[in-house]
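Chemist: One line per chain: the protein sequences are A and B, in this order. As numbered in the numbering used here, residues 2 to 364 make up the first sequence, in order. As numbered in the numbering used here, residues 2 to 364 make up the second sequence, in order.
There are 2 protein chains.
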Amino acid sequence: MGRKRLQESADGRPTVHTVAARAGVSIASASRVLNGVGGSPETIRKVREAAAEVGYVPNAIARSLQSQRTGLVALAVEDIGNPVYVEMMRAIESVVAASGRQLLVHATGGRIDNETALLRRLAHRYVDGMIVSPIRVTDDHLAALVDSPVPVVVVGQLAADAPVDNVRTDSRTGVGLAVDHLVAAGRRRIGFVNGPLDTVPGAARDAGFRAALARHGIALDERLVEVGDFRYAAGRAATERLLARAAPDALVCANDLIAVGALHALLAAGRRVPDDVALVGMDDTELARMTFPQLSSVSLGSAERGRRAAELLLSRIADPALPPRREQVAPSLAVRASSATAPLSVPAPAEPAPAPRTPEVTA
Amino acid sequence: MGRKRLQESADGRPTVHTVAARAGVSIASASRVLNGVGGSPETIRKVREAAAEVGYVPNAIARSLQSQRTGLVALAVEDIGNPVYVEMMRAIESVVAASGRQLLVHATGGRIDNETALLRRLAHRYVDGMIVSPIRVTDDHLAALVDSPVPVVVVGQLAADAPVDNVRTDSRTGVGLAVDHLVAAGRRRIGFVNGPLDTVPGAARDAGFRAALARHGIALDERLVEVGDFRYAAGRAATERLLARAAPDALVCANDLIAVGALHALLAAGRRVPDDVALVGMDDTELARMTFPQLSSVSLGSAERGRRAAELLLSRIADPALPPRREQVAPSLAVRASSATAPLSVPAPAEPAPAPRTPEVTA
DNA sequence: CAGACTCCCGGAAACGTTTACAGCAAGCAG
DNA sequence: CTGCTTGCTGTAAACGTTTCCGGGAGTCTG
Numbered sequence: 002m003g004r005k006r007l008q009e010s011a012d013g014r015p016t017v018h019t020v021a022a023r024a025g026v027s028i029a030s031a032s033r034v035l036n037g038v039g040g041s042p043e044t045i046r047k048v049r050e051a052a053a054e055v056g057y058v059p060n061a062i063a064r065s066l067q068s069q070r071t072g073l074v075a076l077a078v079e080d081i082g083n084p085v086y087v088e089m090m091r092a093i094e095s096v097v098a099a100s101g102r103q104l105l106v107h108a109t110g111g112r113i114d115n116e117t118a119l120l121r122r123l124a125h126r127y128v129d130g131m132i133v134s135p136i137r138v139t140d141d142h143l144a145a146l147v148d149s150p151v152p153v154v155v156v157g158q159l160a161a162d163a164p165v166d167n168v169r170t171d172s173r174t175g176v177g178l179a180v181d182h183l184v185a186a187g188r189r190r191i192g193f194v195n196g197p198l199d200t201v202p203g204a205a206r207d208a209g210f211r212a213a214l215a216r217h218g219i220a221l222d223e224r225l226v227e228v229g230d231f232r233y234a235a236g237r238a239a240t241e242r243l244l245a246r247a248a249p250d251a252l253v254c255a256n257d258l259i260a261v262g263a264l265h266a267l268l269a270a271g272r273r274v275p276d277d278v279a280l281v282g283m284d285d286t287e288l289a290r291m292t293f294p295q296l297s298s299v300s301l302g303s304a305e306r307g308r309r310a311a312e313l314l315l316s317r318i319a320d321p322a323l324p325p326r327r328e329q330v331a332p333s334l335a336v337r338a339s340s341a342t343a344p345l346s347v348p349a350p351a352e353p354a355p356a357p358r359t360p361e362v363t364a
Numbered sequence: 002m003g004r005k006r007l008q009e010s011a012d013g014r015p016t017v018h019t020v021a022a023r024a025g026v027s028i029a030s031a032s033r034v035l036n037g038v039g040g041s042p043e044t045i046r047k048v049r050e051a052a053a054e055v056g057y058v059p060n061a062i063a064r065s066l067q068s069q070r071t072g073l074v075a076l077a078v079e080d081i082g083n084p085v086y087v088e089m090m091r092a093i094e095s096v097v098a099a100s101g102r103q104l105l106v107h108a109t110g111g112r113i114d115n116e117t118a119l120l121r122r123l124a125h126r127y128v129d130g131m132i133v134s135p136i137r138v139t140d141d142h143l144a145a146l147v148d149s150p151v152p153v154v155v156v157g158q159l160a161a162d163a164p165v166d167n168v169r170t171d172s173r174t175g176v177g178l179a180v181d182h183l184v185a186a187g188r189r190r191i192g193f194v195n196g197p198l199d200t201v202p203g204a205a206r207d208a209g210f211r212a213a214l215a216r217h218g219i220a221l222d223e224r225l226v227e228v229g230d231f232r233y234a235a236g237r238a239a240t241e242r243l244l245a246r247a248a249p250d251a252l253v254c255a256n257d258l259i260a261v262g263a264l265h266a267l268l269a270a271g272r273r274v275p276d277d278v279a280l281v282g283m284d285d286t287e288l289a290r291m292t293f294p295q296l297s298s299v300s301l302g303s304a305e306r307g308r309r310a311a312e313l314l315l316s317r318i319a320d321p322a323l324p325p326r327r328e329q330v331a332p333s334l335a336v337r338a339s340s341a342t343a344p345l346s347v348p349a350p351a352e353p354a355p356a357p358r359t360p361e362v363t364a
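1) By the 9 Å beta-carbon criterion, what residues does the stretch 166 to 181 of chain B contribute toward chain A?
2) Could you list which residues in chain A have their beta carbon closer than 7 Å to that of residue 65 of chain B, in chain order?
3) With DSSP as the reference, label residue 169 of chain B as helix, strand or coil.
4) Quick one: what's got a C-beta closer than 6 Å to residue 247 of chain B's C-beta in the same chain, skipping five residues either side?
5) Report the CB separation of residue 173 of chain A from residue 209 of chain A in whole angstroms; it is logged as a contact under 8 Å.
6) Is the CB of residue 279 of chain A under 8 Å away from at least one CB in chain B?
7) Please report the straight-line C-alpha distance between residue 322 of chain A and residue 36 of chain B, rounded to a whole angstrom.
8) Which residues in chain B sit within 9 Å of residue 148 of chain A, going by Cβ to Cβ distance?
9) Kindly say whether residue 16 of chain A, judged by its beta-carbon, lies nearer than 8 Å to any beta-carbon of chain B.
10) Can you tell me which of the three DSSP states residue 191 of chain A falls into?
11) How would you write the range of the beta strand (DSSP E) that residue 74 of chain B sits in, first residue to last?
12) In this structure, does DSSP put residue 107 of chain B in helix, strand or coil?
13) Considering only the beta carbon of each residue, do residue 201 of chain A and residue 229 of chain A sit closer than 8 Å?
14) Give the DSSP-derived three-state secondary structure of residue 134 of chain A in the structure shown.
15) Taking all protein chains shown into account, decide if residue 335 of chain B is buried (16 or more other Cβ within 10 angstroms of its Cβ) or exposed.
16) Tell me the DSSP bridge mates of residue 327 of chain A?
17) When you check each C-beta in the stretch 192 to 210 of chain B against every C-beta of chain A, which residues fall closer than 9 Å?
18) Out of curiosity, what's the CA-to-CA distance linking residue 26 of chain A and residue 9 of chain A?
19) Threshold first: 4 residues or longer. Then list the alpha helix (DSSP H) segments lying entirely within the stretch 174 to 237 of chain A, N to C.
20) On the DSSP bridge assignment, give the partners of residue 252 of chain A in chain order.
21) Looking at residue 138 of chain A: is its Cβ nearer than 8 Å to the Cβ of residue 164 of chain A?
22) With a cut-off of 8 Å, does the C-beta of residue 107 of chain B fall near any C-beta of chain A?
23) Hey, could you find the ends of the alpha helix (DSSP H) residue 147 of chain A is sitting in?
24) Closer than 8 Å, CB to CB, is residue 142 of chain B near chain A or not?
25) Using the Cβ count rule (16 or more neighbours within 10 Å means buried), how would you classify residue 4 of chain A?
26) Using 8 Å for Cβ pairs, my map puts residue 34 of chain B next to residue 49 of chain B. What's the rounded Cβ distance?
27) Would you call the CB atoms of residue 127 of chain A and residue 98 of chain B closer than 8 Å?
28) Roughly how many whole angstroms lie between the Cα atoms of residue 277 of chain A and residue 234 of chain A?
29) Put residue 100 of chain A into one of helix, strand or coil per three-state DSSP.
30) Below 7 Å CB to CB, which residues in the same chain sit around residue 306 of chain B once its five sequence neighbours on both sides are set aside?
31) Can you have a look at residue 356 of chain A and say buried or exposed, based on whether 16 or more other CB atoms are within 10 angstroms of its CB?
32) Nearest by alpha-carbon distance to residue 231 of chain B: which of B:79, B:267, B:242 is it?
33) So the beta strand (DSSP E) residue 288 of chain B belongs to, where does it begin and stop?
34) Pull the bridge partners of residue 27 of chain B from the DSSP assignment, please.
35) Expressed to the nearest angstrom, what Euclidean distance is found between the alpha-carbon atoms of residue 312 of chain A and residue 91 of chain A?
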């Protein structure tokens, strides 16, 4: 009894030593059998039996130390309550799973320290690689990304010279698509409900909105612009503030959550959508098809970006020496009832879109 | 040069040996300084300098092998697109973060093999513990849970004698609350849109619905019962099927996603909510406050269950010898416009509920 | 029947940390 | 001046695996 104790791990669980001793073979043989490489029939039987008897389960940490890989990949996003990240995650997951790895998700809650802390912890070898989609990027942050000890792919805008794999979209142009569509439908008092301007997407969308109006020769009325954060409640509150001081005939929202909040505020204020106010969201998440009326939305290809990011990551894991790469996904606009020129009485009874959605209208 | 190479890790990254050699001290001293315990001022300076020069970052895997802990906790849920899990996750995250650990989420997609695989991989020591919320539980599954090498807490119904920490709610009673409310409001042709009957929550809700009707002496019309899965599209499709063959004056839905699908189907079919058909969802997620009209919903205390599960897990990590514990969270009903007796013209302009939401009506 | 070849086995090193232990120098009380 | 304490240091073991390598037994070929 006393000597058996020496073969157990600190917490009393069996190790490969336990199994080997019980089977009367060396740990090398035990390990080989357990990994299904080599071993005589007799040895295999003995080891299997011993393992089953003691309930052996290998310690993945120890294995990883030896093999230099964990088979895990992480995705860090700001807010897992945002369906755009859910779509991205699903796309990533399917690529990652196909490579025999497992995907883990971490919600940073937008706290930048949290995100850097994640990089400085997880990245220190608990995962084989990670995909991050930061909404704010500081120098500190960038530095952490650049000298991460594991491969990192960034989804989102990044400084042009940052030596980091990066898949992006052009949300500036995306906002432009929405504005073009609304102007073509005869709307002129177009409002904009945005997220924080100190975030990368917030800034890009603001710039896109202003540029688009200018392109159409429409003077921007600042009372038609409101800012909250990227979630539902803020979108609703921001829209209420906006409605209290101005009368838009259309509203562009920086994402679908904000748009749903805006829809709610509009309906509660007795405005008809799209008759009185046309509404366009952004990200084209499944949420856009869950509202009544269904929401027009600018697709930024989140699933596609996720898929590409995952592929970049896997190829970099396979060959860390690759030069930094950058990919771009074009935005497109899906027009639905919330901005239809002739309001539909009944939304199309469409099934949810198939996986690689084809853009309804492309830039 | 040649000998320095021997101190680097396989992929060329610096190790504690690299730092020690460069600083001219032993690895023990280097490690001590790096961990902030001991060291003379001179040694500290030299080690810090050397570490900075070579860009040393500790290998967390190696550290974990030694310390027998990773500081990571995992949450495995079926569908991360379901807001009920988002709420649960947020609650868990805050408890876990307060203990200095990091939370990782894995979406199993309901594939049971996926979930067991997760247990058999992650649980093999990559994380210090995990919380799982399975919707199907097989014997295999249960076995994997029971002899998991790391602490596990299950959120959801489990066999009474399963020796696993468990926090549950009573969704049978929960469905009863919804039915009671609708009956009290004078509804009699109450329909039910459920998820798969071979899942634990699906079965419980079905039983609860039938029991509640029986309690009120209402004969169940099977044409008023439909089944899909637990997501939006299926909920909408199921409701369309139901409406095609029967005329309910109220609808109970097995979760909020289904309820939103049902709301959409009802509006598309020209039914007014709540005037023609009253609607009650379940889980009381933020989604229920994002629809128009706002959705009545049975709260199953997801945030509370998450919080408690996290606490159970942390205490078990601290003391693995604890006996298995079981906690229960009571359901409650939040009545909103979708089932209000006198339909509200304007939904309450309520801010999103504060974190520990107080139930509007309790059993 | 000798030699080459195959297969299986066990010892030991390695992965990159932390830490128990012992040695050693310096400081101080007696 | 001696002996004890204090504070640092380096050596080496440990965490639980996988894997390289050399040796031994068996099989096949010539």
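Glycine included, each C-beta is placed from N, C-alpha and C at the ideal position.
Modeler: This is what the structure gives:
1) none
2) Looking up residue 65 of chain B in the second sequence gives position 64. The contacting residues are 62.
3) The count along the second sequence starts at 1 and reaches residue 169 of chain B at position 168. Here residue 169 of chain B sits in strand by DSSP.
4) Here residue 247 of chain B corresponds to residue number 246 of the second sequence, with the count starting at 1. Here the set comprises 224, 225.
5) On the first sequence, position 172 is the one that residue 173 of chain A refers to. On the first sequence, position 208 is the one that residue 209 of chain A refers to. At roughly 4 Å, the Cβ-Cβ gap stays under 8 Å, so residue 173 of chain A and residue 209 of chain A are in contact.
6) Translated into the one-based positions of the first sequence, residue 279 of chain A becomes position 278. No, its Cβ sits nowhere closer than 8 Å to a Cβ of chain B.
7) Counting from 1 along the first sequence, the entry for residue 322 of chain A is found at position 321. Counting from 1 along the second sequence, the entry for residue 36 of chain B is found at position 35. Each residue's alpha carbon lies about 31 Å from the other.
8) Indexing the first sequence from 1 puts residue 148 of chain A at position 147. Result: 56, 58.
9) Within the first sequence, numbered from 1, the residue matching residue 16 of chain A stands at position 15. No, because no Cβ of chain B sits closer than 8 Å to the Cβ of residue 16 of chain A.
10) Position 190 of the first sequence, counting from 1, holds the residue named residue 191 of chain A. Residue 191 of chain A: strand per DSSP, three-state reduction.
11) Here the question's residue 74 of chain B lines up with position 73 in the second sequence. Where residue 74 of chain B is concerned, the enclosing beta strand (DSSP E) stretches over 73 to 78.
12) If you number the second sequence from 1, residue 107 of chain B lands on position 106. Reduced to three states, the DSSP call for residue 107 of chain B is strand.
13) Residue mapping note: residue 201 of chain A aligns to position 200 of the first sequence, counting from 1. Residue mapping note: residue 229 of chain A aligns to position 228 of the first sequence, counting from 1. Taking 8 Å as the Cβ cut-off, residue 201 of chain A and residue 229 of chain A do not qualify as a contacting pair.
14) Here residue 134 of chain A refers to the residue found at position 133 when the first sequence is read from its first residue. Coil.
15) Stepping through the second sequence from its first residue, residue 335 of chain B is reached at position 334. That one is buried.
16) Here residue 327 of chain A refers to the residue found at position 326 of the first sequence. Bridge partners of residue 327 of chain A: A:167.
17) none
18) Walking along the first sequence from the start, residue 26 of chain A turns up at place 25. Walking along the first sequence from the start, residue 9 of chain A turns up at place 8. The alpha-carbon atoms of residue 26 of chain A and residue 9 of chain A are separated by roughly 16 Å.
19) 201 to 216
20) Taking the first sequence and counting its residues from 1, one reaches residue 252 of chain A at position 251. A:192, A:280, per the DSSP bridge assignment.
21) Against the first sequence, residue 138 of chain A aligns to sequence position 137. Against the first sequence, residue 164 of chain A aligns to sequence position 163. No, these two residues do not count as a Cβ contact at 8 Å.
22) Taking the first residue of the second sequence as position 1, residue 107 of chain B is located at position 106. Yes, residue 107 of chain B counts as interfacial toward chain A.
23) As a working note, residue 147 of chain A is residue 146 in the first sequence. Unbroken alpha helix (DSSP H) run through residue 147 of chain A: 140 to 147.
24) Counting from 1 along the second sequence, the entry for residue 142 of chain B is found at position 141. Taking Cβ atoms only, chain A never reaches closer than 8 Å to residue 142 of chain B, which makes this a no.
25) Residue numbering aside, residue 4 of chain A sits at position 3 when the first sequence is read from its first letter. Here the model assigns residue 4 of chain A a pLDDT of 36, short of 50, so the residue's position is not dependable and the matter cannot be decided.
26) As a working mapping, residue 34 of chain B is identified with position 33 in the second sequence. As a working mapping, residue 49 of chain B is identified with position 48 in the second sequence. Their Cβ separation, rounded to whole angstroms, is 7 Å, which keeps residue 34 of chain B and residue 49 of chain B in contact under 8 Å.
27) Locating residue 127 of chain A in the first sequence gives position 126, counting from the first residue. Locating residue 98 of chain B in the second sequence gives position 97, counting from the first residue. Not in contact: residue 127 of chain A and residue 98 of chain B (Cβ atoms no closer than 8 Å).
28) Indexing the first sequence from 1 puts residue 277 of chain A at position 276. Indexing the first sequence from 1 puts residue 234 of chain A at position 233. Each residue's Cα considered, the two are about 22 Å apart.
29) The sequence position of residue 100 of chain A within the first sequence is 99, counting from 1. Here residue 100 of chain A sits in coil by DSSP.
30) For the purposes of this step, residue 306 of chain B is identified with residue 305 of the second sequence, where counting begins at 1. Within the same chain, residue 306 of chain B has close Cβ partners 89, 156, 168, 170, 330.
31) Mapped onto the first sequence, residue 356 of chain A falls at position 355. With a pLDDT of 41 at residue 356 of chain A, under the threshold of 50, the modelled position of this residue cannot be trusted; read the value that follows with caution. Under this definition residue 356 of chain A is an exposed residue.
32) Sequence index remark: in the second sequence, residue 231 of chain B carries index 230 (1-based). It is B:79 whose Cα lies nearest to the Cα of residue 231 of chain B.
33) In the second sequence, the residue the question calls residue 288 of chain B occupies position 287. Per DSSP, residue 288 of chain B belongs to no beta strand (DSSP E) and is neither H nor E.
34) Reading the second sequence from its first residue, position 26 is the one you call residue 27 of chain B. Beta-bridge pairing links residue 27 of chain B to no other residue.
35) Stepping through the first sequence from its first residue, residue 312 of chain A is reached at position 311. Stepping through the first sequence from its first residue, residue 91 of chain A is reached at position 90. Rounded to whole angstroms, residue 312 of chain A to residue 91 of chain A spans 14 Å at the Cα level.
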